[in-house]
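Structure record follows, encoded as C-alpha cells.
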Amino acid sequence: MATSPAQSEVNWGEVEKSEDFTTLKNEHRSFVLPLSAAFLIWYFAYVLLAAYLPKFMATPVFGFVNMGLILGFGQFITTWAITMWYVSRANKVHDPLAKKVYEQIENGDHK
Amino acid sequence: MSRFLTEATATAPAAAVIKVDSVLNISIFGVFVLVTLFIVLRASRSNKTAADYYTGGRSFSGPQNGFAISGDYLSAASFLGIAGAIAVNGYDGFMYSIGFLVAWLVALLLVAELMRNTGKFTMADVLAFRLKQRPVRTAAAVNTLVVSFFYLLAQMAGAGGLVALLLGISDKGQQAVVIAIVGLLMIIYVLIGGMKGTTWVQIVKAVMLIGGALVMTIWTLGHFGFSLNGLLDGAVNASAHPEIAATATTPAVPASDGLSILAPGLKYGANPLDFISLALALVLGTAGLPHVLTRFYTVPSAREARRSVVWSIWLIGIFYVFTLVLGYGANALVGKSVILAQPGGVNSAAPLLALELGGPWLLGIISAVAFATILAVVAGLTMTASTSFAHDVYASVIKRGNASQTDEVRVARITVVVIGVVAIIGGIVANGQNIAFLVALAFAVAASANLPTIIFSLYWKRFTTQGAVWSMVGGLISAIVLIVFSPAVSGGAKSMFPLPVDFHWFPLENPGIVSIPLGFLLGYLGSILSKEKEDAGKASEMTVRAYTGYGAEAASSH
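These protein sequence lines map, in sequence, to chains A and B. The opening residue of the first sequence carries number 1 in the numbering used here; numbering runs sequentially from there. The opening residue of the second sequence carries number 112 in the numbering used here; numbering runs sequentially from there.
What follows is the structure, given as C-alpha cells:
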C-alpha cells in the first residue's frame with residue numbers, strides 16, 4: 001500500500017478511457033439499466049391492472065386465491081429473483097473487473 | 112367471538128373498547144429500554160473520530176447492516192399501518208407493501224454500491240462530489256433535513272396514538288408525557304451511542320419485530336389449519352358477516368361482498384390516479400431517503416453494502432408476507448368493526464390480533480415491539496439529520512471545510528438535542544391530528560427532489576450544478592406546494608383541516624405523479640441550458656472511484 005499513488009497523482013481521465021475500465025462500466029450499465037427498466041415496467045403494469053382492472057384481479061384461480069394475489073406475490077418472487085441474479089452477476093463479473101482496474105491504479109499504471 | 116373482547120362487548124355493545132394491562136406493557140417496554148441502553152453504552156466506548164460517531168467506524172458486516180436497514184425502514188407505519196390497512200381495506204393495504212419492497216431494487220441495482228464508493232458521511236457528499244460544492248451541498252442538506260423532519264414528525268405524532276392504544280392512556284397531557292419520554296430516550300441513545308449505538312438499537316428492534324411477526328403469523332395460520340386458503344376463507348366470511356364478529360346492531364352485508372377484500376379497489380377504487388401517484392413515490396422514494404442512504408456508509412466496502420441490501424430485501428419482503436397473514440387474520444379473528452371502534456383505529460389491528468391469539472402477554476410484547484420500532488426509527492432519522500447539519504451545513508458551507516473533527520461532532524451532538532426537542536414539541540402539537548400524509552410526503556420529496564440528482568450524478572456525464580439545483584429545489588417545492596393544496600390538507604372529511612376549511616385545488620393526495628417527472632425534467636433542462644462548464648477531471652475521478660472503489664473510505668482500524 002505504501003507505494004500506491006495518492007489520489008491527486010492518479011490520472012483519472014486516463015483510467016476512465018482505459019480499455020479495462022470501459023469494459024467494467026459497460027458490463028455494469030448494460031446489466032443494471034435494462035434490468036431496472038424491466039422491473040419498473042412489470043411493477044407499473046401490476047399497478048395499472050390493480051388501479052383500472054380490479055375485476056380482472058378478482059378472477060379466482062384456485063380456492064380463494066385470485067389473480068391479484070398471484071400477481072402480487074409474483075412481485076415478491078421477481079424482486080427476490082432479480083436480487084439473487086444481480087448478486088451472482090456482480091460477484092462473478094463486476095467484482096473481478098473492478099479489482100483489475102483497482103490494482104492497475106494502485107500499481108501506478110495511471111499516474 | 113373472542114374471549115377477551117366478550118366482556119367489553121357485553122357492557123358497551125356500540126363501541127367495544129378493550130382494556131389493556133398498561134403496567135405489563137410498560138414493564139416489557141422497560142426491559143427493552145434497559146437492554147438496548149446497556150448495548151448502546153458498550154458500543155459508545157469506541158466512539159473517537161467523526162467517522163466513528165457518524166458511521167460507527169464503517170465496521171458493521173453486511174448481514175448486520177441488513178438487519179439495521181430493516182429496523183430503520185420498517186416503521187410503525189409499516190407494521191401497524193399495513194397490517195391494519197389489510198384488515199380493513201383488504202387487498203389495497205397489500206399494495207403498499209409491494210411498492211415498499213420493489214423500491215429496494217432501485218437501491219440495490221442503481222444506487223447503493225456507487226454511493227458507498229464515492230461518499231463519506233452524507234447524501235450531499237455524493238451529490239456535490241463533481242459539482243460546485245456550496246450550492247449543491249446546501250440544497251442536498253436542506254432536502255435531507257426536510258425529508259427527515261417530515262418523517263420524524265409523523266413517527267412522533269404516531270407515538271401519541273400508540274400510547275392511547277397500548278397503554279390505555281387517553282388523557283392528552285399524559286400522552287404528551289409519554290411522547291416526551293420517547294423523545295428523551297432517543298436523544299440519549301443518539302448522543303451516547305452515535306451511529307454505532309443507533310445501529311444496534313435498530314438491529315435489536317428488527318430481530319424483535321420480525322420475530323414477533325413470525326410468531327403471530329404461525330399462530331394465526333394455526334387457527335386455519337396452516338392453509339392460506341382457509342385464512343382467506345375466514346377473512347371473506349368475517350367480512351361478509353360482520354354481525355358475528357361485532358355488534359348485533361350491524362346490518363348483515365350480502366355474502367358475496369366479503370370477496371371484495373381479496374381484490375383491489377376498497378380504498379383506491381374511487382381514485383385510481385391517486386394510487387398510481389402514490390406507487391411512483393413509493394417505488395422511487397426509498398433510494399432517495401437520506402436515512403436509508405447513510406446506512407450504506409456503516410459497512411467497510413461496496414461489496415458489504417451490496418450484501419446488506421440483499422439481506423434487507425429478504426427480511427423486508429418476508430416481513431411483508433407476514434403482515435398479509437396478520438392483516439387478513441385480524442379481519443377473520445377480530446373483525447373490522449371491533450378494530451375500527453378502538454382509539455387507535457386501523458392501527459389497532461395487529462395489537463388486537465396479538466391479544467386474541469396469546470392474551471395480555473403477547474399484546475404486551477407486541478406493544479413493546481411497536482414502541483421499540485418508533486424509538487429505533489426516530490433515532491436513525493435524528494442521526495442522519497444531525498450528521499447532515501454538522502457535516503454539510505456547518506463544516507462545509509459555513510466553515511468552508513475548515514472545522515476540526517471535534518468541532519464538527521460537537522455541533523452534531525448539539526443538533527441532536529435541538530432536533531429531539533423540536534420533535535417532542537412537534538409530536539405533542541401534532542398528536543391526534545391526521546398527519547399520516549407526512550410519510551407519503553417524505554417519500555414524494557425523496558423521489559422528486561433527491562433521486563433525480565442521485566441518478567444523474569452517477570449516470571449522466573453532462574449533468575451540471577444548475578441541473579442539480581433546479582431539480583432539488585424544484586422537486587422539493589413542487590411536492591410540498593401540491594400537498595398543501597391537496598385534499599390531504601384541506602377540503603375533505605379526513606383532511607388535516609377538515610371541511611368546511613377548503614383551499615385545495617390539486618385533486619390528488621399524492622403529488623408524485625407531477626413532482627417526480629418535474630424533478631427529472633428540471634435536472635435535464637438545467638443541465639443542457641447551463642453556460643458554465645463543470646470540472647471534467649472531477650467527473651472522471653467520480654466515475655472511476657464509483658466503479659472501482661479506489662480511494663473509498665475504509666473501516667476504522669480499532
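No residue lacks a Cβ here, since even glycine has one placed at the ideal position from N, Cα and C.
Extent of the continuous alpha helix (DSSP H) to which residue i belongs
i             : result
residue 592/B : 576-595
residue 60/A  : Residue 60/A -> not in any alpha helix (DSSP H); beta strand (DSSP E) instead, spanning 60-62.
residue 451/B : 447-452
residue 397/B : That residue, residue 397/B, is in no alpha helix (DSSP H); it is neither H nor E in DSSP.
residue 100/A : 95-106
residue 649/B : 647-659
Buried/exposed call for residue i, threshold 16 Cβ in 10 Å
i             : result
residue 210/B : buried
residue 307/B : buried
residue 643/B : exposed
residue 356/B : Summary for residue 356/B: the model assigns pLDDT 48, below 50, so the residue's position carries little reliability; its value from the coordinates is reported in the next sentence. It is buried - the Cβ of residue 356/B has at least 16 other Cβ atoms within 10 Å.
residue 492/B : buried
residue 70/A  : exposed
residue 9/A   : exposed
residue 260/B : buried
residue 517/B : exposed
residue 245/B : exposed
residue 422/B : buried
residue 571/B : exposed
residue 25/A  : buried
residue 371/B : buried
residue 578/B : buried
residue 333/B : exposed
residue 664/B : buried
residue 311/B : buried
residue 417/B : buried
Proximity test, residue i beta-carbon vs the ligand COA heavy atom, cut-off 8 Å
i             : result
residue 432/B : Inclusion of the ligand COA in the displayed structure is not the case, the ligand content being empty and no account of it being possible.
Under the three-state DSSP convention, the category residue i falls into
i             : result
residue 608/B : strand
residue 641/B : coil
residue 365/B : Caution applies to residue 365/B, whose pLDDT of 41 falls short of 50 and renders its modelled position unreliable; the value that the coordinates give is listed next. If DSSP states are grouped into helix, strand and coil, residue 365/B belongs with coil.
residue 338/B : coil
residue 601/B : strand
residue 89/A  : helix
residue 204/B : helix
residue 359/B : With a pLDDT of only 41 at residue 359/B, under the threshold of 50, the placement of this residue in the model should not be trusted, and no figure is reported.
residue 614/B : coil
residue 544/B : coil
residue 620/B : coil
residue 664/B : coil
residue 402/B : helix
residue 383/B : helix
residue 565/B : helix
residue 13/A  : helix
residue 350/B : helix
residue 132/B : coil
residue 410/B : coil
residue 371/B : helix
residue 572/B : coil
residue 110/A : coil
residue 388/B : helix
Spatially closest choice to residue i from the options, by CA coordinates
i             : options                    : result
residue 132/B : 463/B, 254/B, 445/B        : 463/B
residue 203/B : 381/B, 274/B, 252/B        : 381/B
residue 392/B : 590/B, 322/B, 152/B        : 590/B
residue 723/B : 205/B, 517/B, 312/B, 572/B : The requested residue 723/B does not occur in the structure, where chain B is confined to residues 112 to 669.
residue 164/B : 497/B, 548/B, 214/B, 287/B : 497/B
residue 328/B : 431/B, 414/B, 286/B        : 431/B
residue 524/B : 507/B, 219/B, 543/B, 502/B : 502/B
residue 437/B : 342/B, 662/B, 136/B, 223/B : 342/B
residue 96/A  : 29/A, 23/A, 64/A           : 23/A
residue 252/B : 499/B, 563/B, 399/B, 620/B : 499/B
residue 638/B : 344/B, 657/B, 575/B, 592/B : 575/B
residue 85/A  : 257/B, 318/B, 192/B, 220/B : 220/B
residue 540/B : 266/B, 483/B, 456/B, 487/B : 266/B
residue 634/B : 602/B, 561/B, 653/B        : 561/B
Inside the region 152-185 of chain B only - alpha helix (DSSP H) runs reaching at least 4 residues: 161-166, 173-184
Restricting to runs no shorter than 3 residues, where is the beta strand (DSSP E) found entirely within the region 33-76 of chain A? 60-62
Within the region 457-521 of chain B, ranges of the alpha helix (DSSP H) (whole runs, at least 4 residues): 460-499
Return the chain-ordered ranges of every alpha helix (DSSP H) run that is complete within the region 303-348 of chain B and spans a minimum of 4 residues. none
Complete runs of the alpha helix (DSSP H) confined to the region 209-287 of chain B [at least 4 residues]: 223-229, 234-238, 244-277
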